[in-house]
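Here is the structure we will look at.
In this note's numbering, the protein residues as written are 5 to 709.
Quick look at the structure:
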């Protein structure tokens, strides 16, 4: 488990799922969506069973998504509270969890609460619980609850905590009623409002105001107040169970605790810890979901303080024989050992599966690195060799790169080559097509968003800058970015930090930027559609990818590469391409570049009938139109006769020699040869076939033996 990743046991998810099934029947929970967007956590094959097994662990985000779905289905914001209370119904016939086993063995509410810190430690890795007892004017048993910064409490998690705290005493027949009273809470007003997007929080000095975004009406108001603290003695039984990372550490047998009273002493007020006190109560809502801010309630405290009040029945419980207790506890422990065995078996299976996936991942990473360490860039043309040499040098640095080239030339392939040959190759390469997203969606994709930032933002979401942290971020079609987004992108490039949409906290990232465009950015600058300062930030090292028409000698290599790569998926035994067909491919101008070539080859492989792809398999636009009968052929004979008027050779021999001479002069470029001779490429190809003229990979032409 990552140190900063908050995790919880499926004890909590089981509580929610059990209650939803009992109360709402077979309402559909969208299980795959609970795990969507989680890095390093694969969706279980049977997510429902996984989430109902109290021995499993999941990221806190899974619990958060489940809470949101339960709230939406039930139409209640406090659904988790009711689920927590109902889970401990003593009439249920279910295999008890470890929580219930220990609670029954202790057989005392007070003793269970004394061990509160252990409950928090074994069920989460982010929640500290600490119990203490206060005597004097405000006697009672209290629990501090403190969520760590990376797992701030939501409405749902606080309701669930309260529901469980009020629920477990129901295991005891001698408990008539129990209540958990909030003295003050760590819940932040701003975090609560993220779950209610129709409301905004305004801050003016020490006063907060919740206003409806539409009517601008003030719904709730709060003021910042310093809280009074007091030192109270702690008995040995509480100190004995207190963890090293306590919410409040004891000194000399006492702890200094906050109260829900305002500090009035002028000298102490300056140093007192504070919270926001509700001075105007109100309710915020989102459809049927509602949350109430009670009068005088205290929010934004350093931790939460819960007071326990319970009532025992008048008739004392009948004394249970020791032998009966032994048998019951033994049975509970044996049941639990059975669960442990099942868990251990699953752990071994998971370990084997993890090892298999690790080896597979290593293999795939090597394949990816092999693919993009220039093995995936096919060609021997001098312009391409110069480009690869430049990429090798660029990859060793951490500079921003702007890749320019026509559509389909392989700009993303070059970007991947830069990444997988750089020191960042162990981190992620993340690509985004700027032209495929609207301005609003692009900003959310880049920077992420907070919950409630806009309609439909029901959860917090990381942007690709966070996802690519430590790696490379590739912006394809960078010229399509809107001016407003250009400003924010420029700030990230300059400062290395940004804010999520709807957020206020700055997030620092370390990302290498590689951008690509098929547009002329200088023209966009003149038109005012691209910022000059952003252009110079991106234009640190420009790279130009040559179009395919400038490296036609690479076409045979590319054709062989595509055939070899695709023949297994197409399930055909295709061994190559005929020389005439290859000649026509080399004569074509390829406006769509390598991408168009790959599509044409795949089309030929699908539609072709034989092992060798031939001219008849070419698309119509490649082999050209048919000649009118007699027209061009006659022109060719005239040209041949005029070029050697006194030659003793036959007309066929002169025609063959003329074609050979033109092919040699034009280095096998059929388009130029056909233009010189005044015939179409199809006619030229037919004459070459008639005279058995072949073109080698070097572009030289000769008569086949």
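Positions of the beta carbon are idealized from the N, C-alpha and C atoms, including for glycine.
None of the values given here were measured: they were computed from a predicted structure.
Under the three-state DSSP convention, the category residue i falls into
i, result
"residue 679", "helix"
"residue 34", "coil"
"residue 188", "strand"
"residue 414", "coil"
"residue 695", "coil"
"residue 480", "strand"
"residue 594", "coil"
"residue 543", "coil"
"residue 489", "helix"
"residue 579", "coil"
"residue 439", "helix"
"residue 181", "strand"
"residue 2", "With the chain represented from 5 up to 709, any question about residue 2 goes unanswered, as that position is not in the structure."
"residue 430", "coil"
"residue 233", "strand"
"residue 176", "coil"
"residue 217", "coil"
"residue 555", "coil"
"residue 622", "coil"
"residue 42", "coil"
"residue 12", "strand"
"residue 63", "strand"
"residue 405", "strand"
"residue 198", "coil"
Reference residue i, options the options, closest by Cα
i, options, result
"residue 589", "610, 562, 578", "562"
"residue 684", "671, 123, 663", "663"
"residue 174", "614, 107, 581", "107"
"residue 10", "27, 29, 42, 677", "42"
"residue 436", "268, 451, 251", "451"
"residue 425", "166, 393, 249", "393"
"residue 165", "666, 530, 128, 238", "128"
"residue 565", "606, 538, 550", "606"
"residue 396", "412, 665, 420", "420"
"residue 22", "330, 90, 112, 50", "90"
"residue 130", "219, 64, 658", "64"
"residue 618", "597, 689, 442, 48", "689"
"residue 195", "456, 327, 282", "456"
"residue 384", "550, 604, 257", "550"
Residue burial classification, residue i (beta-carbon count within 10 angstroms, cutoff 16)
i, result
"residue 391", "buried"
"residue 191", "buried"
"residue 275", "exposed"
"residue 578", "buried"
"residue 1", "As shown, the chain starts at 5 and ends at 709. That puts residue 1 outside it, with no answer to give."
"residue 516", "buried"
"residue 697", "buried"
"residue 415", "buried"
"residue 448", "buried"
"residue 694", "exposed"
"residue 638", "At residue 638, the pLDDT of 40 sits below 50, so the modelled position is not reliable; the number obtained from the coordinates is stated separately. Flag for residue 638 reads exposed."
"residue 243", "exposed"
"residue 635", "Low confidence applies here, because residue 635 scores a pLDDT of 40, under 50, leaving its location unreliable and the question unanswered by this model."
"residue 692", "buried"
"residue 527", "exposed"
Residue i CB to nearest heavy atom of the ligand ZN below 7 Å
i, result
"residue 294", "As far as ligands go, the structure on display features none, and thus does not contain the ligand ZN."
C-beta atoms of residue i and residue j nearer than 8 Å
i, j, result
"residue 180", "residue 317", "yes"
"residue 62", "residue 12", "yes"
"residue 593", "residue 553", "yes"
"residue 188", "residue 264", "yes"
"residue 580", "residue 616", "yes"
"residue 203", "residue 227", "no"
"residue 557", "residue 514", "no"
"residue 505", "residue 478", "no"
"residue 67", "residue 17", "yes"
"residue 408", "residue 521", "yes"
"residue 197", "residue 185", "no"
"residue 601", "residue 567", "no"
"residue 148", "residue 157", "no"
"residue 622", "residue 404", "no"
"residue 305", "residue 134", "no"
CB contact check: residue i to chain D, cutoff 8 Å
i, result
"residue 421", "This model lacks chain D altogether, as it is built from one protein chain only."
Continuous beta strand (DSSP E) assignments of at least 3 residues falling wholly in the stretch 237 to 323
Entirely contained in the stretch 237 to 323, the beta strand (DSSP E) runs reaching 3 residues are, in chain order, 258 to 266, 278 to 284, 286 to 290, 293 to 297, 308 to 316.
In chain order, each beta strand (DSSP E) run of at least 3 residues that lies wholly inside the stretch 502 to 547
For the stretch 502 to 547, whole beta strand (DSSP E) runs of length 3 or above, ordered along the chain, are 510 to 512, 516 to 521.
At what residue ranges does the stretch 97 to 160 contain a whole run of the beta strand (DSSP E), taking only runs of 3 or more?
131 to 138, 144 to 151, all fully within the stretch 97 to 160.
Just list the alpha helix (DSSP H) runs in the stretch 451 to 476, keeping only unbroken ones of 4 residues or longer that don't cross its boundaries, in chain order.
Runs found: 468 to 471.
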